[in-house]
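Under my numbering, residues 1064 to 1264 are what the sequence shown spells out, in order. Think of the CB as a built atom: it goes at the ideal place given N, C-alpha and C, for glycine as much as any other residue. This one's a predicted model, so the numbers in the text were calculated from it and none came from an experiment. Down below is the structure, laid out as structure tokens.
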Amino acid sequence: IRKIIADPELLLASDSSACACLLGTPWHEPHVVYAVHELRPILPDLRHALVAFLEGALDKWLTFTAEFASDGVIASASAHQQTLAFMDPTNDRNEGGLGTMRRAFARSSNITLSMHNAMELYNKNDTEDYIQTGLSNEDQAWLRKAVRDEDTSGLAKKQRAEHVETAQRQAALGREKVEQARAKEEKKVQKLRTVEPMLDL
1064 IRKIIADPEL LLASDSSACA CLLGTPWHEP HVVYAVHELR PILPDLRHAL VAFLEGALDK
1124 WLTFTAEFAS DGVIASASAH QQTLAFMDPT NDRNEGGLGT MRRAFARSSN ITLSMHNAME
1184 LYNKNDTEDY IQTGLSNEDQ AWLRKAVRDE DTSGLAKKQR AEHVETAQRQ AALGREKVEQ
1244 ARAKEEKKVQ KLRTVEPMLD L
């Protein structure tokens, strides 16, 4: 970046890929570069705009890459610290309950919302330890019966039926809107067909 700031022709010259790309290889999108080269004669401030952009980019580049320096935080961290600092390439895990639920439904499309919520509470509240240490056999038997009763109540089936009904209703509304738009367009076409052009002006 500093080299291009010092000599923008490294990037603006017609053979710039040999000296402006980090690896000296051809551009990934050469048509973009060629288009800029063709427009250069009518862009008198291109050189100054490029330098201003690169100066701003350099400032941020130094900020964002400082931790990757040979004496930076990452290089000096132990293998254990690097493992602890691992971050997923996506932000899904930071989306909260909604992101967790989306991933759960992607893994198991037949899971119900109540099952998902129960599993999340079980995992997050250390429920297994509590069951092992704080509940008697009678308590556990009662809990199993309560879960069976809920499963046989048909609540999940009712919720699924409601979801299907809602989806069908929304689809019907969508079809109705499309039909209304088509009818409106057809009405315009019919009106235009009744217009007689005036050819004797």
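Ordered along the chain, which non-local residues of its own chain (more than five positions away) have a Cβ less than 6 Å from that of GLU1072?
-> Mapped onto the sequence shown, residue 1072 falls at position 9. So no residue of the chain qualifies.
Pick out the complete alpha helix (DSSP H) segments inside the stretch 1190 to 1245, 4 residues or longer, and give them in chain order.
-> You should have 1190 to 1197, 1200 to 1215.
Give the straight-line distance between the Cα atoms of SER1177 and PHE1149, rounded to the nearest whole angstrom.
-> Locating residue 1177 in the sequence shown gives position 114, where the first residue counts as 1. Locating residue 1149 in the sequence shown gives position 86, where the first residue counts as 1. Between SER1177 and PHE1149, the C-alpha separation is close to 32 Å.
Quick one: any contact between the stretch 1166 to 1185 and the stretch 1214 to 1233, if contact means 3 or more CB pairs under 8 Å?
-> yes
Chain D within 8 Å of VAL1258, Cβ atoms only = The structure shown contains no chain D; it holds only a single protein chain.
In three-state terms, what does DSSP make of ASP1122?
-> Walking along the sequence shown from the start, residue 1122 turns up at place 59. Helix at ASP1122.
Only counting runs of 4 or more residues, tell me where the alpha helix (DSSP H) segments fall wholly within the stretch 1127 to 1175, in order along the chain.
-> 1136 to 1139, 1142 to 1147, 1160 to 1170
Flag this pair as yes or no: are the beta carbons of ILE1067 and TRP1124 separated by less than 8 Å?
-> Within the sequence shown, the letter at position 4 stands for residue 1067. Within the sequence shown, the letter at position 61 stands for residue 1124. For ILE1067 and TRP1124, no; Cβs fall outside 8 Å.
Residue range of the alpha helix (DSSP H) that PRO1104 falls in?
-> The sequence position of residue 1104 within the sequence shown is 41, counting from 1. It is not in any alpha helix (DSSP H) - PRO1104 carries neither H nor E in the DSSP assignment.
Round the Cβ separation of SER1077 and HIS1100 to the nearest angstrom and send it over; I've been treating them as touching at under 8 Å.
-> Reading the sequence shown from its first residue, position 14 is the one you call residue 1077. Reading the sequence shown from its first residue, position 37 is the one you call residue 1100. About 6 Å; that satisfies the 8 Å criterion.
Using beta-carbon positions only, say whether THR1265 and GLU1183 come within less than 8 Å of one another.
-> No statement about residue 1265 is possible, as the shown extent of the chain runs from 1064 to 1264 and does not include it.
Alpha carbon to alpha carbon, how far is ASP1151 from GLU1249?
-> Working through the sequence shown from its first residue, we reach residue 1151 at position 88. Working through the sequence shown from its first residue, we reach residue 1249 at position 186. Going by the C-alpha atoms only, they are around 52 Å apart.
Out of curiosity, what's the CA-to-CA distance linking PHE1168 and ARG1223?
-> On the sequence shown, residue 1168 is found 105 positions in, with the first residue counted as 1. On the sequence shown, residue 1223 is found 160 positions in, with the first residue counted as 1. PHE1168 and ARG1223: Cα-Cα distance of roughly 14 Å.
Out of curiosity, what's the CA-to-CA distance linking LEU1121 and ILE1137?
-> In the sequence shown, the residue the question calls residue 1121 occupies position 58. In the sequence shown, the residue the question calls residue 1137 occupies position 74. Rounded to whole angstroms, LEU1121 and ILE1137 show a C-alpha spacing of 21 Å.
Under three-state DSSP, which class holds PRO1089?
-> Translated into the one-based positions of the sequence shown, residue 1089 becomes position 26. DSSP places PRO1089 in coil when its eight states are reduced to three.
Taking 8 Å as the cut-off, decide whether the C-beta atoms of LEU1075 and ARG1103 are in contact.
-> On the sequence shown, position 12 is the one that residue 1075 refers to. On the sequence shown, position 40 is the one that residue 1103 refers to. Taking 8 Å as the Cβ cut-off, LEU1075 and ARG1103 qualify as a contacting pair.
In this structure, does DSSP put ASN1047 in helix, strand or coil?
-> The structure shown does not extend to residue 1047, since the chain spans only 1064 to 1264, so no value can be given for it.
If we count the other Cβ atoms within 10 Å of its Cβ and call it buried at 16 or more, is LEU1117 buried or exposed?
-> Taking the sequence shown and counting its residues from 1, the one referred to as residue 1117 is at position 54. With 16 or more other Cβ atoms within 10 Å, it is buried.
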